[in-house]
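Shown next, in structure tokens, is the structure this report addresses.
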Amino acid sequence: MMQRIGILTAYFAKSLFFSLTGLILLILSLIYWAVLFPPGQGTPDVENYVILVGALGAAATFMAALSISARAGRMENYPLLVRLPSRVEYLAAVFLSSLIIGLVLQVLVAGLALIRGPELTKAHLLAIPPLWLSVNILAGILALHASDLVTAGWSRVIIFGLLAVLLLLNGVAASPDSWLAERMISLSDVFYRLNFTGLADLASEAAGWSGGGMLVSLSRVSSLVFWPFRAMSDAVFAGGFTTSQALAPAVLMLYSAILFLTAALFFAGKDLEFIE
19 MMQRIGILTA YFAKSLFFSL TGLILLILSL IYWAVLFPPG QGTPDVENYV ILVGALGAAA
79 TFMAALSISA RAGRMENYPL LVRLPSRVEY LAAVFLSSLI IGLVLQVLVA GLALIRGPEL
139 TKAHLLAIPP LWLSVNILAG ILALHASDLV TAGWSRVIIF GLLAVLLLLN GVAASPDSWL
199 AERMISLSDV FYRLNFTGLA DLASEAAGWS GGGMLVSLSR VSSLVFWPFR AMSDAVFAGG
259 FTTSQALAPA VLMLYSAILF LTAALFFAGK DLEFIE
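Spelled out as structure tokens, the structure:
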């Protein structure tokens, strides 16, 4: 099985890297380096270096996964898929090839950014790989869910819609009393001035509900979901990991495993429509 996955991974990675899309990704990565890490001015601090290069790796992996997923759905690859004992091997090859492309571009920019850049200590060299790799893996699997290759029915809408709701609640969690509650109070005042007492009372009740109760509980749950990202960013800017923060990459890997199993279930049971 591993040999079959390895061969397919090399095939997909090579087909993207030596294509126009691969050239565009390479050019965009170099532009990213030239704009954010200009050698003439020197690169930012180590903290910004880790964050910016990590963001590039996630974006490159996401775009590579979308492109390779589209290529994997072409009719020319139908003989490869039907000869495999399991469709999961095909999906794993698509994911691994996109991860390799993303890592290659990330390492390229990371190396170029070190020109007149920050000096990485041994502690940084040990901490950077788990951070970048965990985020890249999550981005690649999310891209699989966004592709037509894996999407089954409304799965794409449900997954990314749920993610959008969690992001919104996570933003509210930072200051629930000073954001939505104040908006509802202002709306209630407007309705009172217009003599719409019923709507004003409804907006006032919504302000009380948003200031405490279910919304606060939901926002706290969403903040727990996004805790790994805050923990890793806090650790980067603090210059070291605490005991709990060191678990953040492992939690992201757990998220990735759950999402990949979900993608495998969708892909294994759907009727594939190949592109001519």
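In terms of our numbering, the sequence shown has 41 at position 23, counting the first letter as 1, and numbering is strictly consecutive. Beta carbons are placed, not taken as given, at the ideal position from N, Cα and C, and that holds for glycine. As the structure is a computational prediction, the values presented were derived from the model and not from experiment.
Starting from the Cα of residue i, find the closest Cα among the options and give me that residue.
{"i": "Leu-279", "options": "Pro-267, Arg-105, Val-127 and Asp-219", "result": "Arg-105"}
{"i": "Ser-116", "options": "Leu-187, Thr-215, Ala-157 and Ser-206", "result": "Ala-157"}
{"i": "Leu-143", "options": "Val-53, Phe-247, Val-64 and Ser-204", "result": "Val-64"}
{"i": "Ser-33", "options": "Trp-172, Ile-276, Leu-98 and Ala-90", "result": "Ala-90"}
{"i": "Gln-263", "options": "Val-122, His-163, Pro-148 and Leu-138", "result": "Pro-148"}
{"i": "Phe-247", "options": "Leu-138, Tyr-29, Ala-76 and Ala-141", "result": "Ala-76"}
{"i": "Arg-101", "options": "Leu-220, Gly-216 and Met-19", "result": "Met-19"}
Measure the alpha-carbon distance for residue i versus residue j and round it to whole angstroms.
{"i": "Leu-242", "j": "Trp-150", "result": "21 Å"}
{"i": "Tyr-257", "j": "Leu-270", "result": "Correcting the residue identity first, residue 257 is Gly in this sequence and not Tyr. When rounded, the distance between both Cα atoms is 20 Å."}
{"i": "Gly-287", "j": "Val-168", "result": "10 Å"}
{"i": "Leu-265", "j": "Ile-177", "result": "25 Å"}
{"i": "Leu-185", "j": "Thr-261", "result": "26 Å"}
{"i": "Phe-214", "j": "Leu-187", "result": "29 Å"}
{"i": "Ala-28", "j": "Asn-95", "result": "14 Å"}
{"i": "Thr-139", "j": "Trp-172", "result": "47 Å"}
{"i": "Leu-212", "j": "Gly-179", "result": "35 Å"}
{"i": "Ser-251", "j": "Ile-155", "result": "17 Å"}
{"i": "Pro-194", "j": "Pro-103", "result": "In this prediction, Pro-194 scores a pLDDT of 46, lower than 50, which makes its location untrustworthy; no coordinate-derived value is stated."}
{"i": "Val-53", "j": "Leu-272", "result": "34 Å"}
{"i": "Phe-30", "j": "Pro-97", "result": "14 Å"}
{"i": "Tyr-210", "j": "Arg-174", "result": "42 Å"}
{"i": "Thr-39", "j": "Ala-141", "result": "36 Å"}
{"i": "Gln-59", "j": "Leu-277", "result": "41 Å"}
{"i": "Leu-220", "j": "Gly-129", "result": "58 Å"}
{"i": "Phe-55", "j": "Gly-216", "result": "57 Å"}
{"i": "Val-122", "j": "Ile-45", "result": "13 Å"}
Pop quiz: residue i and residue j are said to be a contact at Cβ under 8 Å. What is the actual Cβ separation, rounded to whole angstroms?
{"i": "Ser-87", "j": "Ser-165", "result": "4 Å"}
{"i": "Pro-267", "j": "Ser-152", "result": "4 Å"}
{"i": "Phe-259", "j": "Ala-145", "result": "7 Å"}
{"i": "Val-127", "j": "Ser-222", "result": "Rounded, the Cβ-Cβ distance is 52 Å, inconsistent with contact."}
{"i": "Val-254", "j": "Ile-69", "result": "6 Å"}
{"i": "Leu-114", "j": "Ile-23", "result": "7 Å"}
Is the Cβ-Cβ distance between residue i and residue j less than 8 Å?
{"i": "Gly-120", "j": "Ala-182", "result": "no"}
{"i": "Met-93", "j": "Leu-43", "result": "no"}
{"i": "Phe-35", "j": "Ala-170", "result": "no"}
{"i": "Ile-159", "j": "Ala-281", "result": "yes"}
{"i": "Ala-111", "j": "Val-71", "result": "no"}
{"i": "Ala-275", "j": "Leu-162", "result": "no"}
{"i": "Leu-26", "j": "Tyr-108", "result": "yes"}
{"i": "Gln-124", "j": "Leu-74", "result": "yes"}
{"i": "Pro-57", "j": "Ile-133", "result": "yes"}
{"i": "Tyr-50", "j": "Pro-136", "result": "no"}
{"i": "Ser-206", "j": "Ala-218", "result": "yes"}
Considering only residues of the stretch 233-292, which uninterrupted alpha helix (DSSP H) runs meet the minimum length of 4 residues and lie entirely inside it, listed in chain order?
-> 245-256 and 266-287
Output the residue ranges of the alpha helix (DSSP H) runs that lie fully inside the stretch 47-124 and measure 4 residues or longer, sorted by chain position.
-> Runs of the alpha helix (DSSP H) inside the stretch 47-124: 64-90 and 96-100.
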